[in-house]
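Residue numbers (the UniProt record's numbering): 1 to 690. Heads up, the beta-carbon is just placed ideally off N, CA and C, and yes, glycines get one too.
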């Protein structure tokens, strides 16, 4: 299926803006619609500053009140994601909202039909369309439809929304059946997670009620189902690209009763005054049924995010955007004194929750994240780290090698979200360790990722000298700054893999013997020597100086990338796909880690005050025959070498690497082989390497 153009309606919303971001990352050309803003005061920088947005995103004005206004955005598209939905207001009652939603949706479908190019429409429905059938089922599937009169009889908030969503989805499916237009609908429950939009998403606001102290909302959390926004958006793209997808799909990953939510949040966020389960026993509200995602899962979709990510990412975005505090001030603070007076009279823990939750968020907002420095910012791992640090709310400084003619394209860094305000780029070179001083001065942390690679001009001794002296110079700058609290150094599994022992699995106590590696007569001794001696020098400096340093030891790093060059580790990992037979001997038994997991481990160890010493970060080991079988099954259209052919390949069988120390500290890997190779191939296609 061609990668675009596609249209996303309602691009300023929570789900739609995340969908725009992910579609751009997947290589699509995207058009999105926003409501007209006559005074042009709306800030759309959160969309226009997305990576690839400058070349591949167009923004159109359109309004559901005028369905024809979507025609221009849809014309020539291969797909449409209809996410926009009118919300009830004082001016829009149930009937008016429903009419606007239905007529707007049908107008969009007619534009899709008339375009002659739209292959499929994905409509973002809601679990409210299946939740209120009036049956007493604990679990419902796509065969259920909500009874609007039943919902009205419950006398709970939201009948206008339930009516509009239900009637709109029914009208869309009826239109599709009559016209032959391919349409799938996706029904999510409460959507939680991080956000890039400017407004505080209402579903996140509801999900965080216990953290924000919004007692009025507790009754809507008696038994809720959830999905992470990133999983929901991934499901949109999955169903669009899956030609076998048909009809309705529920997209729900977790269900959580209110008492279990209290226990979960209390354990995960002990500093927040979460209401106790005893207090919550007195809360009355409607117990929602659960939602079965079996149809979606049976089609091959997999959820990646659990409750940890849902709430963690949501809270992180609130802290970065200050949205929780603005909403608190605007909507809840006027009632603060009432809650406190009533709470104290009743001995209600919720009163202190309100006050303490408010104060806590104010304090969290004031805590500055950064600045931190990332060395070698144009590299594979370092550029991904810069991106993630910006997303985590850090102010970032990164270093790049000086370019006398200033011809290097750094737009993949400067166009990152939040980069215009929170990213500074400095020139620095490991040959001149003092050149890092300016970038490090005033930082609270340094991620030293930069490493010189062997060349014809740089032999083993020269590379090692440059790496060691450069690293020590950076550590001295950290010590002299008086502000750097911790350094995270990106080492390599090559520092533990070649000890000469016959162990199948090694841990952080292992050190490579450079002479043993040389005796193997395999490529890379210069790299092994430089990495091993640099890490040893770093740890020795830390021990003598008292500077807090942790080192992170990854094996072959795979996954997507934003840097301009084809990462050498990805190039090696994709040898069977690229047909590089000379590289097969380096894949006899490799260990792998996804770049996003590796970067997450960097941030995790930086933020974990208990972290000390060396940490291996390896998630998978894959013998060459299993890699062949995996790739053949996943990419049947690619000419993967057979296991019979690979039996004749000879090479060094590397040991495995234990990440137990990292896992025991609380870190969790999120990405498996599917993501490693899928994301790598996607990036290669986007960059023209495949």
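Check whether the Cβ atoms of residue i and residue j sit closer than 8 Å, and answer yes or no.
i           : j           : result
residue 653 : residue 588 : yes
residue 258 : residue 222 : yes
residue 485 : residue 548 : yes
residue 264 : residue 208 : no
residue 512 : residue 495 : yes
residue 283 : residue 219 : yes
residue 188 : residue 232 : yes
residue 433 : residue 474 : yes
residue 398 : residue 370 : no
residue 32  : residue 50  : no
residue 165 : residue 202 : no
residue 118 : residue 180 : no
residue 380 : residue 269 : no
residue 493 : residue 555 : yes
residue 449 : residue 427 : no
residue 592 : residue 617 : no
residue 572 : residue 586 : yes
residue 133 : residue 146 : yes
residue 320 : residue 393 : yes
residue 531 : residue 491 : yes
residue 676 : residue 631 : no
residue 498 : residue 516 : yes
residue 197 : residue 227 : no
residue 142 : residue 249 : yes
Which term fits residue i, buried or exposed, when burial requires 16 or more other beta carbons within 10 angstroms of its beta carbon?
i           : result
residue 193 : buried
residue 526 : buried
residue 329 : Legend: pLDDT at residue 329 = 39, less than 50; position of this residue unreliable, value from coordinates given subsequently. It counts as exposed.
residue 445 : buried
residue 116 : exposed
residue 682 : buried
residue 596 : buried
residue 225 : buried
residue 431 : exposed
residue 36  : exposed
residue 574 : buried
residue 154 : exposed
residue 582 : exposed
residue 238 : buried
residue 414 : exposed
residue 215 : buried
residue 12  : buried
Where does residue i sit, in a helix, a strand or coil, going by DSSP?
i           : result
residue 117 : coil
residue 98  : helix
residue 392 : coil
residue 237 : helix
residue 615 : strand
residue 150 : helix
residue 37  : coil
residue 61  : strand
residue 225 : strand
residue 14  : helix
residue 112 : helix
residue 657 : strand
residue 269 : coil
residue 685 : helix
residue 672 : coil
residue 9   : coil
residue 130 : coil
residue 631 : helix
residue 643 : helix
Our contact map puts residue i next to residue j with C-beta atoms below 8 Å; I'd like the distance itself, whole angstroms only.
i           : j           : result
residue 619 : residue 594 : 7 Å
residue 64  : residue 84  : 6 Å
residue 106 : residue 16  : About 19 Å; that fails the 8 Å criterion.
residue 34  : residue 123 : Not really, about 19 Å apart at Cβ, beyond 8 Å.
residue 670 : residue 302 : Going by Cβ atoms, the distance from residue 670 to residue 302 rounds to 12 Å, so no, they are not a contact pair.
residue 471 : residue 425 : Contact doesn't hold; Cβ gap of about 21 Å is too wide.
residue 557 : residue 569 : 5 Å
Are the C-beta atoms of residue i and some chain D residue less than 8 Å apart?
i           : result
residue 596 : Absence of chain D from the displayed structure is noted, only one protein chain being present.
**OP:** Could you tell me which uninterrupted alpha helix (DSSP H) segments, each at least 4 residues in length, are contained entirely in the segment 408-466, listed from first to last along the chain?
**Re:** 411-414, 419-422, 437-440
Original post:
Can you list, in chain order, the stretches of the alpha helix (DSSP H) that have 4 or more residues and sit fully within the segment 164-211?
Top reply: 202-207
Subject >> Sequence ranges, alpha helix (DSSP H) only - wholly within the segment 577-618, length at least 4 >> reply: 595-607
**OP:** With a floor of 3 residues, list each beta strand (DSSP E) that falls wholly inside the segment 532-563, ordered by position along the chain.
**Re:** 549-553, 556-558
**OP:** Report the residue ranges of all beta strand (DSSP E) runs contained in full by the segment 468-528; include only those spanning at least 3 residues, in chain order.
**Re:** 486-490
Original post:
Can you list the alpha helix (DSSP H) stretches of 4 or more residues lying completely in the segment 251-326, in chain order?
Top reply: 258-268, 277-280, 294-298, 307-321
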